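Chains as they are written, first to last, in numbering that gives the first Met the number 0: chain S, 0 to 403; chain U, 0 to 201. A virtual CB, placed ideally from N, CA and C, is assigned to each residue, including glycine. In this text the structure is predicted, and so the values were computed from the model without any measurement.
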Amino acid sequence: MVISSDARWEMVDAITRQTVTYGTYKQTLGDVLGDLTVKPLTGIPVAVAALYAFWSIFTSFAGTLVTDGFMVKLFDGYWLPWLQSVWPDPTSWHYFIFVGNPAADTCFEAFGMLTSGLFVSIGVVLPAVFVFYLMMTILEDSGYLPRLAVLMDSVLHRIGLHGYAIVPAILGLGCNVPAVTATRILETKKQRFIMMTLLALFIPCGAQLGIMMSVLPDLVGVVMLCLVVGFVIFGFVLNKVIPGENPEILVDVPPYHWPVKEYVAKKLWNRTKGFLKEAVPFVLFGVLVVNLLYLGGVIQGLADLLEPVFVTWFGVPKETVGPLIAAFLRKDLAIAQLSTIPMTTYQTVASVVLVTIYFPCVATFVVMLREGWKQLIAAIAVLFVVVFIYGGIIHAVGILLGVA
Amino acid sequence: MTEGRADLPEGGTTVLMLGNPNVGKSALFNRMTGANAVVSNYPGTTVDFTRGTFIEGGHTYTIVDVPGTYSLEPRDAAEEVAVRMLRDCPDATVMIVLDATKIDRGLYITLEVMERGMPCIVAVNMMDAAHEKKITVDIAALQRLLGVPVVSTTATSGEGVRTLAEQIRKAQVANLGGIAKRLRGEEPRTESLRACGGCGGC
Numbered sequence: 000m001v002i003s004s005d006a007r008w009e010m011v012d013a014i015t016r017q018t019v020t021y022g023t024y025k026q027t028l029g030d031v032l033g034d035l036t037v038k039p040l041t042g043i044p045v046a047v048a049a050l051y052a053f054w055s056i057f058t059s060f061a062g063t064l065v066t067d068g069f070m071v072k073l074f075d076g077y078w079l080p081w082l083q084s085v086w087p088d089p090t091s092w093h094y095f096i097f098v099g100n101p102a103a104d105t106c107f108e109a110f111g112m113l114t115s116g117l118f119v120s121i122g123v124v125l126p127a128v129f130v131f132y133l134m135m136t137i138l139e140d141s142g143y144l145p146r147l148a149v150l151m152d153s154v155l156h157r158i159g160l161h162g163y164a165i166v167p168a169i170l171g172l173g174c175n176v177p178a179v180t181a182t183r184i185l186e187t188k189k190q191r192f193i194m195m196t197l198l199a200l201f202i203p204c205g206a207q208l209g210i211m212m213s214v215l216p217d218l219v220g221v222v223m224l225c226l227v228v229g230f231v232i233f234g235f236v237l238n239k240v241i242p243g244e245n246p247e248i249l250v251d252v253p254p255y256h257w258p259v260k261e262y263v264a265k266k267l268w269n270r271t272k273g274f275l276k277e278a279v280p281f282v283l284f285g286v287l288v289v290n291l292l293y294l295g296g297v298i299q300g301l302a303d304l305l306e307p308v309f310v311t312w313f314g315v316p317k318e319t320v321g322p323l324i325a326a327f328l329r330k331d332l333a334i335a336q337l338s339t340i341p342m343t344t345y346q347t348v349a350s351v352v353l354v355t356i357y358f359p360c361v362a363t364f365v366v367m368l369r370e371g372w373k374q375l376i377a378a379i380a381v382l383f384v385v386v387f388i389y390g391g392i393i394h395a396v397g398i399l400l401g402v403a
Numbered sequence: 000m001t002e003g004r005a006d007l008p009e010g011g012t013t014v015l016m017l018g019n020p021n022v023g024k025s026a027l028f029n030r031m032t033g034a035n036a037v038v039s040n041y042p043g044t045t046v047d048f049t050r051g052t053f054i055e056g057g058h059t060y061t062i063v064d065v066p067g068t069y070s071l072e073p074r075d076a077a078e079e080v081a082v083r084m085l086r087d088c089p090d091a092t093v094m095i096v097l098d099a100t101k102i103d104r105g106l107y108i109t110l111e112v113m114e115r116g117m118p119c120i121v122a123v124n125m126m127d128a129a130h131e132k133k134i135t136v137d138i139a140a141l142q143r144l145l146g147v148p149v150v151s152t153t154a155t156s157g158e159g160v161r162t163l164a165e166q167i168r169k170a171q172v173a174n175l176g177g178i179a180k181r182l183r184g185e186e187p188r189t190e191s192l193r194a195c196g197g198c199g200g201c
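Listed below in structure tokens is the structure:
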């Protein structure tokens, strides 16, 4: 038996009347906070404070405390010298692949599987993603995310999205892979396409943020600024160019509640485990591939071929071609590799931004493919155009400021 | 439990968990299966389905955590997944999950599912939050009106989850005409409850 939607609502009313009673309800602290955090006047300062707190805990705990205070000392002080002393024959190909540069003083410079590979994944990125996921879980479980979505709504509408797009954007700062699937909560094809493309282009993942904090702590701010500006500019352009609708959305804002301890622990464990199982082997594999390509002369060949584009158009040294190849496998690895190339401040910023936007990592690529190959191809076409244009813009700005 | 339904296939029963976003389907799912579906406090956490199994009374159930949806007319890709699941599993039992603080909102999709003639069971979740908000849900009355088993649960603490698992076996195909009559008080409320006697206390 099928009934009309009006008849259904009538029945819903009748059932509710006969089964639910409402007592007198006293407003709680949670409700008051709930109101204060969605009203723009009070909500925006709270949002800024929350995101700032997020960022400073992230940098101070992961970057300063764990990585610099412990991991760097462990890896550069003990692990690297020990490997260099026991591994036979520094001139051999296996030394090059596993240990790397025999003259290196730090695990970044060495670039072997067991030196840079382990240091980047365990020493730098693991603490970063752990802290990031802990804070993200608290944001998710407390009920703050949908409120942030309400606050961001009017801003995001200008770039063809609505407030709820903040959810995939924030998930993407952890890892782009679940973020791509999370774009399913957006309603129209246009919104999903814009969000997916902007994710692949401008949202750095937690691993990448972690490594940036470690190798270029003073420049992370500038890099992030370039990415945010790019996000807004190209979101605006895509909104104008792509046909389709961007309807208003009704967001169901749940009440705040304290995150359940066991859920937080479970989620944190699963995400960290996922990182250990999937990302760490990939970083090691990435080092292997890049080293093999160096040994085979492929990277030097590509670097010579692409030199005009890189040097003239983007204003970065041709050596950055190698990290761009690694970036397809793991972005964190690529940035670690970039940090060992001697560059000016401008070149460092430009090349890190390029690594971020030029192509999604292979894992993101695969989930995007799963969401639809037509969209993926379109996204990649957009991506190449954007990389070319934005890389040029950054270079032009650099020239105008007199730094490039 | 000692006996399963006679018409169940050997391989077990598929149970689809359906309901509005953010009513705690994934949390209930994790409680029942011990699985690790991601649980958060915002609508739209689950955008793909997760499958799990549990054994109750010697019977194996395959239970599917389906993305939340407000109705069976999907408005985004996650809701499409839910509607597709329902279409692709016509023999499944549907476990409709309601938020005890917003019963009315979840009843719309409940009726939509019931119209499809699939066996249903209703879980009224977030009883703790309803209690805090001084909202009382008359579970027995809801069960009598709907003519399907209704179980109150609190997924975060695990309360009622055991009963819910036991009651899946008693899932019923609801009769909308019967519901309408009982709402008007035309029919003795217990009459149309065939298989479970309608004592309201099961």
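Amino acids of chain U, ordered along the chain, whose beta-carbon sits closer than 7 Å to that of residue i
i, result
"residue 269(S)", "35"
"residue 24(S)", "132, 133"
"residue 372(S)", "Ordered by position in chain U, no residue passes the 7 Å Cβ test against residue 372(S), which lies about 16 Å from the chain."
"residue 181(S)", "46"
"residue 45(S)", "Within chain U, no residue comes near residue 45(S); the closest Cβ sits about 17 Å away, beyond 7 Å."
Of the residues the options, the one placed nearest residue i, counting alpha carbons only
i, options, result
"residue 60(S)", "129(S), 300(S), 390(S), 108(S)", "129(S)"
"residue 362(S)", "180(S), 320(S), 251(S), 304(S)", "180(S)"
"residue 148(U)", "62(U), 109(U), 176(U)", "109(U)"
"residue 81(U)", "172(U), 44(U), 68(U), 171(U)", "68(U)"
"residue 76(S)", "94(S), 37(S), 122(S), 39(S)", "122(S)"
"residue 223(S)", "261(S), 378(S), 351(S), 23(S)", "351(S)"
"residue 263(S)", "28(U), 19(U), 12(U), 35(U)", "35(U)"
"residue 145(U)", "164(S), 120(S), 25(S), 17(S)", "17(S)"
"residue 146(S)", "157(S), 164(S), 134(S)", "164(S)"
"residue 161(U)", "179(U), 28(U), 22(U), 84(U)", "28(U)"
"residue 288(S)", "388(S), 398(S), 324(S)", "324(S)"
"residue 245(S)", "229(S), 307(S), 155(S)", "155(S)"
"residue 111(U)", "38(U), 85(U), 41(U)", "85(U)"
Same chain, Cβ closer than 6 Å to residue i, neighbours up to 5 away in sequence not counted
i, result
"residue 423(S)", "This structure cannot speak to residue 423(S), because chain S is shown only from 0 to 403."
"residue 117(U)", "93"
"residue 9(S)", "none"
"residue 127(U)", "153"
"residue 371(S)", "none"
"residue 302(S)", "317, 320"
"residue 189(S)", "241, 243"
"residue 151(U)", "123, 126, 138, 159"
"residue 2(U)", "Any reading at residue 2(U) must be qualified, since the residue scores a pLDDT of 33, below 50, and its modelled position is unreliable; no value is offered."
"residue 66(U)", "45, 46, 77, 80, 81"
"residue 386(S)", "356, 357"
"residue 6(S)", "none"
Neighbourhood of residue i by C-beta distance below 7 Å, restricted to the same chain and skipping five residues each side
i, result
"residue 83(S)", "98, 101"
"residue 391(S)", "312"
"residue 190(U)", "Reliability of the predicted coordinates at residue 190(U) is poor, the pLDDT of 46 falling under 50, and no value is obtained from them."
"residue 89(S)", "101"
Listed by chain order, chain S residues near residue i by CB distance under 8 Å
i, result
"residue 20(U)", "251"
"residue 51(U)", "Correct list: empty, because the minimum Cβ distance to chain S is about 14 Å."
"residue 114(U)", "0, 1, 2"
Interface partners of residue i on chain U, CB under 8 Å
i, result
"residue 317(S)", "Per Cβ cutoff of 8 Å: no residues; residue 317(S) is ~42 Å from chain U at best."
Chain U residues whose Cβ lies nearer than 9 Å to that of residue i
i, result
"residue 141(S)", "40"
"residue 191(S)", "75, 76"
Chain-ordered chain S contacts of residue i [CB-CB under 9 Å]
i, result
"residue 85(U)", "Per Cβ cutoff of 9 Å: no residues; residue 85(U) is ~14 Å from chain S at best."
"residue 136(U)", "18, 19, 20"
Own chain, CB closer than 8 Å to residue i, minus 5 neighbours either side, in chain order
i, result
"residue 394(S)", "312, 313, 314, 349, 403"
"residue 275(S)", "125"
"residue 185(U)", "none"
"residue 87(S)", "94"
"residue 3(S)", "none"
"residue 344(S)", "218, 402"
"residue 299(S)", "293"
"residue 182(U)", "144"
Contact set between residue i and chain S, taken where Cβ atoms lie within less than 7 Å
i, result
"residue 140(U)", "17, 18"
"residue 155(U)", "259"
Q: Report the residue ranges of all alpha helix (DSSP H) runs contained in full by the stretch 105–181 of chain U; include only those spanning at least 4 residues, in chain order.
A: If only uninterrupted alpha helix (DSSP H) runs of at least 4 residues are considered, those enclosed by the stretch 105–181 of chain U are 126–131, 138–145, 160–166.
Touching or not, the stretch 261–281 of chain S and the stretch 38–55 of chain S, by the rule of three or more beta carbon pairs under 8 Å? The stretch 261–281 of chain S, when compared against the stretch 38–55 of chain S, does not touch it at the 8 Å Cβ threshold.
Whether or not the stretch 23–34 of chain S and the stretch 252–266 of chain S are in contact is what I'm after, with contact meaning three or more pairs of Cβ atoms, one per stretch, closer than 8 Å; do they touch? With three or more CB-CB distances shorter than 8 Å, the stretch 252–266 of chain S counts as touching the stretch 23–34 of chain S.
Report yes or no: do three or more beta-carbon pairs, one from the stretch 15–34 of chain U and one from the stretch 90–107 of chain U, lie closer than 8 Å? These segments touch.
query = Given 8 Å as the limit, is there contact between the stretch 330–341 of chain S and the stretch 108–120 of chain S, that is, 3 or more CB pairs closer than that?
reply = As far as the Cβ criterion goes, the stretch 330–341 of chain S touches the stretch 108–120 of chain S, which means the pair count is three or higher.
query: Fully enclosed by the stretch 189–218 of chain S, which beta strand (DSSP E) runs are 3 residues long or longer?
result: With a minimum length of 3 residues, no continuous beta strand (DSSP E) run stays inside the stretch 189–218 of chain S.
task = Could you tell me whether the stretch 166–177 of chain S touches the stretch 203–218 of chain S, using the rule of 3 or more Cβ pairs below 8 Å?
result = Short answer: they touch.
_Just to confirm the assignment: which complete alpha helix (DSSP H) runs, minimum length 4, are found wholly within the stretch 135–197 of chain S?_
Assignment of alpha helix (DSSP H) within the stretch 135–197 of chain S, counting only whole runs of 4 or more residues, yields 143–156, 165–173, 175–181 in chain order.
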